[in-house]
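Note sheet for the following structure.
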């Protein structure tokens, strides 16, 4: 993907990856995510990882999303776990949904969403 003439910052990459997620363009989204650091020297944040987890999860790649979370160089936050939980619910993956719900409840004990989704 070519970004000629665009100001590339964290927000730009979030928006582009988010657009890939909503249009089912998994390969493009992953390519853009990988190019952030390697080609454009932009370090991914938790928000970028949440977008990638969403991208993978929407297309039924929950296990790949979980692998992404496991290999994140930063701690996965409640948003990341919530996105995975939503994807697992969408695709009826109760095994990973339970893991995501437990992680989410540890981070946000007052959050009732994980229990409702399960």
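In my numbering, the protein residues as written are 23 to 140. C-beta atoms are modelled at their ideal positions from N, C-alpha and C, and glycine is treated no differently. Note that the structure is a prediction, hence the values are computed from the model and not measured.
4-residue-minimum alpha helix (DSSP H) runs that sit fully inside the region 40-66, ordered along the chain: 48-62
What's the C-alpha gap between residue 19 and residue 44? This structure cannot settle anything about residue 19, because the visible part of the chain is limited to 23 through 140.
With burial defined as no fewer than 16 other Cβ atoms inside 10 Å of the residue's Cβ, what is the status of residue 71: buried or exposed? buried
To the nearest angstrom, how far is the alpha carbon of residue 31 from that of residue 74? 17 Å
Classify residue 46 as buried or exposed, calling it buried when 16 or more other Cβ atoms lie within 10 Å of its own Cβ. exposed
Near residue 90, which residues of its chain fall below 8 Å by C-beta distance, leaving aside the five closest residues on each side in sequence? 71, 74, 75, 78
So what's residue 86 in DSSP terms, helix, strand or just coil? helix
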